[in-house]
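Participant:
Residue numbers (my numbering): 46 to 212.
1) Looking at the structure shown, is residue 186 part of a helix, part of a strand, or coil, going by DSSP?
2) Looking at C-alpha atoms only, which residue of 73, 57 and 55 is the closest neighbour of residue 63?
3) Using DSSP with H/G/I as helix, E/B as strand and the rest coil, what is residue 131?
4) Helix, strand or coil: which one does DSSP assign to residue 165?
5) Looking at C-alpha atoms only, which residue of 49, 212 and 202 is the closest neighbour of residue 126?
6) What number of angstroms, rounded off, separates the C-alpha of residue 135 from the C-alpha of residue 192?
7) Are the beta-carbon atoms of residue 142 and residue 187 separated by less than 7 Å?
8) Going by the CB atoms, is the gap between residue 144 and residue 185 shorter than 7 Å?
9) Could you check the C-alpha separation between residue 147 and residue 209 for me, to the nearest Å?
10) Are the CB atoms of residue 163 and residue 131 within a distance shorter than 7 Å?
11) Which of the three DSSP states, helix, strand or coil, is assigned to residue 62?
12) Which value, in whole angstroms, describes the spacing of the CA atoms of residue 95 and residue 67?
13) So, residue 182 versus residue 154, is the Cβ gap smaller than 7 Å?
14) Measuring alpha carbon to alpha carbon, tell me which of 69, 172 and 86 ends up nearest residue 58.
Right, here's the structure in full:
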């Protein structure tokens, strides 16, 4: 499955594709995706035009990768300074950090919620894995989105460090 919302920062476009030679996938999606799920003609034309502009496309994708790498490095450097382990991001917009060392007791849903709200008090939004159905992660994992402007992320990481000092 591939979609425009993440790769092209087009949140809300609700346009994705499923490419598979697996006949079971064809059967499942072929029976559930009908006319009511089609992308509008106007959106199809806009997306087609965008994808055909290879000069812009090459620039956009390279610049996007550069910015994401820079921001991921900012986050991982911050986490490394505080010995907070994380799952290494690879081509994503966020990473999962294991806040186990931040918990005062054994990681629990209750304290994960407390940590989340204490971070909100410091004006940072880093949700725990509890809010993401289907994750295999424990209560100690939190999702840090770094696909935001670098100056805003720099402030967020400063606020995160202030939270760590205060908690």
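Glycine is no exception: its CB is placed at the ideal position from the N, C-alpha and C atoms.
Facilitator: On the basis of the data shown:
1) strand
2) 73
3) strand
4) helix
5) 202
6) 13 Å
7) yes
8) yes
9) 8 Å
10) no
11) strand
12) 29 Å
13) no
14) 86
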